[in-house]
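Everything in the sequence shown is counted per our numbering, starting at 107 for the first residue and increasing by one.
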Amino acid sequence: MKKDLILVNLIGLLIGISYGMHGPILPVFAKNVIGASYADLGLIGLTNFLPYMFIPLLVGILLYRFNSGYLLSVGIIINTASIFLLSVAESVPEIMGFRIMTGIAHAFFWPPCESIIASASSGIQRIRNISMFTGFFVAGFMIGPLLGVIILEDLESSFRFLFQIASYVLGSAILFSLLVSRGRVRKQGEKFSFSSIKQMARFPEVIVMLIYCTASFGMILTIFPAFLNDRSMSVTDIEILYFIFGASRIVTLVFAGILARKTSLTLLGATLSIAFGLMIAFVSDSIIEFALALMLMGFGFSIFFPLTLEIILSKTRKEISHTIIGAYETTFGIGWAVGPITAGLISQFSGNSTPYLVFFILGLGIAVLSVAKRKSFEPRRV
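This is the structure we're talking about:
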């Protein structure tokens with residue numbers, strides 16, 4: 107494996123550990139310590155992902171001019187600061203401000219990593235490399251909650267200390283990003299054109315599926331932990347459940363290469379897996395039932411990412427891949443922003459379990475679309 111791919115995978119692992127340590131607990135901290143409502147949690151989620159609706163496209167443009175390793179380093183620095191600042195937050199607006207920083211930083215993480223991977227491989231090998239990178243991130247996200255269990259003692263000070271430790275873990279990734287930057291040179295002949303952004307509009311069915319999956323994913327990351335806490339799950343239970351969620355995603359990514367051979371059928375299965383996972387969450391009240399729901403969703407959320415990216419990259423010119431990756435990640439941002447605020451408002455005014463029923467019904471509709479337009483969900487084979 108090329109050195110850059112190894113380094114990128116290590117960066118993904120460290121960032122995943124940091125996210126896994128603090129991510130599932132932040133909504134519980136905001137609700138129980140800061141006093142946030144479900145509507146507030148939705149706004150926190152919105153501010154977290156709102157920058158991801160715009161910044162990835164900017165990063166895609168910057169990738170034509172600057173070393174991808176340097177851009178990755180910028181993201182790590184901003185992200186480290188944003189997570190550390192959570193340890194001193196005293197109000198919902200403060201958390202929102204720090205999560206805006208996280209959203210900006212996240213946009214400097216994924217597109218450069220994807221660009222490095224895309225430039226080093228193609229076709230099935232690219233799917234495997236992106237799946238491996240995602241796997242390292244998810245492995246970190248699986249390990250993080252277990253480390254969080256060790257630190258947490260259900261005290262406010264423990265929450266704040268956890269955020270600090272998570273920031274130190276993430277900050278250590280800067281060493282590897284600087285190594286990635288060494289020797290990376292922009293290829294001659296690459297140039298940006300706004301007309302290339304229109305290429306993303308050639309995939310309306312993929313965009314609809316992406317928005318549904320990322321909206322559901324955003325809800326699970328930002329609203330679901332508070333819902334679990336209201337259903338009598340302790341912070342330790344929540345961390346264990348997100349460990350199971352991560353384990354399911356890891357197992358899925360191991361088989362990504364095999365599943366990619368039947369792309370349209372696999373994406374249908376992923377959509378149904380997410381939808382029925384949400385339905386189980388809607389009726390669950392025990393840790394075993396919630397574990398089953400997260401296992402199903404873990405499969406769906408993991409496999410749709412490498413497959414949909416390959417569908418788009420395989421049908422566009424390689425010289426505009428940076429812009430396409432930026433536009434693809436912007437689509438992610440739209441879903442991630444819509445999901446939390448929608449789920450937060452529904453939870454606030456219609457009951458905290460209602461969003462999972464609503465998103466289950468939407469998932470069935472997306473599944474019907476994927477059957478009707480199955481040819482649109484097949485990559486160009488080379």
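For every residue, glycine included, the Cβ atom is placed at its ideal position computed from N, Cα and C.
Predicted model only: the values in this text are computed from it and were never measured.
Identity of the residue in the options nearest residue i by Cα
| i | options | result |
| --- | --- | --- |
| Val341 | Ile183, Val165 and Met127 | Met127 |
| Val489 | Glu395, Ile452 and Tyr125 | Only positions 107 to 488 of the chain appear in this structure, which leaves residue 489 out of reach. |
| Phe388 | Arg337, Ile344, Ser354 and Ile364 | Arg337 |
| Gly324 | Thr437, Ala187 and Lys137 | Thr437 |
| Thr448 | Ser225, Ala399 and Tyr144 | Tyr144 |
| Phe349 | His212, Ile409, Arg288 and Leu327 | Leu327 |
| Tyr170 | Thr369, Ile430 and Ser459 | Ile430 |
| Ser476 | Tyr318, Asn138 and Ile344 | Tyr318 |
| Thr208 | Gly439, Leu463 and Lys479 | Gly439 |
| Val139 | Asp110, Ile201, Asn115 and Ser227 | Ile201 |
| Ala433 | Tyr462, Asn335 and Glu220 | Glu220 |
| Phe269 | Met339, Ile210, Asn335 and Phe190 | Phe190 |
| Asp343 | Leu373, Phe396 and Leu374 | Phe396 |
| Leu258 | Phe135, Met315 and Asn115 | Phe135 |
| Thr372 | Ala399, Met339, Phe410 and His212 | Phe410 |
7 Å Cβ cutoff met for residue i and residue j
| i | j | result |
| --- | --- | --- |
| Ile472 | Ala366 | no |
| Pro446 | Ile313 | no |
| Ala279 | Leu120 | yes |
| Thr153 | Ile223 | no |
| Gly250 | Phe215 | no |
| Gly404 | Ser322 | no |
| Ser379 | Leu402 | yes |
| Ile123 | Gly246 | yes |
| Lys479 | Glu311 | yes |
| Asn235 | Ser227 | yes |
| Pro157 | Ile210 | yes |
| Glu435 | Pro217 | yes |
| Gly352 | Phe242 | no |
Buried/exposed call for residue i, threshold 16 Cβ in 10 Å
| i | result |
| --- | --- |
| Ile150 | buried |
| Lys108 | exposed |
| Lys304 | exposed |
| Gly254 | buried |
| Thr320 | buried |
| Asp146 | buried |
| Val474 | exposed |
| Ile256 | exposed |
| Ile391 | The question names Ile, yet the displayed sequence has Asp at residue 391. Asp391 should be labelled exposed. |
| Tyr274 | exposed |
| Ala272 | buried |
| Ala213 | buried |
Interface flag, residue i vs chain B, CB-CB below 7 Å
| i | result |
| --- | --- |
| Ala387 | No chain B appears in this structure, which consists of one protein chain only. |
Contact between the segment 443–458 and the segment 410–422 is defined here as three or more beta-carbon pairs at a separation below 8 Å; is this criterion met? no
Count the C-beta pairs between the segment 130–140 and the segment 177–186 that are closer than 8 Å, then say yes if the count reaches three, no if not. no
Sufficient close CB pairs (3 or more, under 8 Å) joining the segment 189–200 to the segment 154–166: no
On the three-pair Cβ rule with 8 Å, is the segment 357–372 touching the segment 450–458? no
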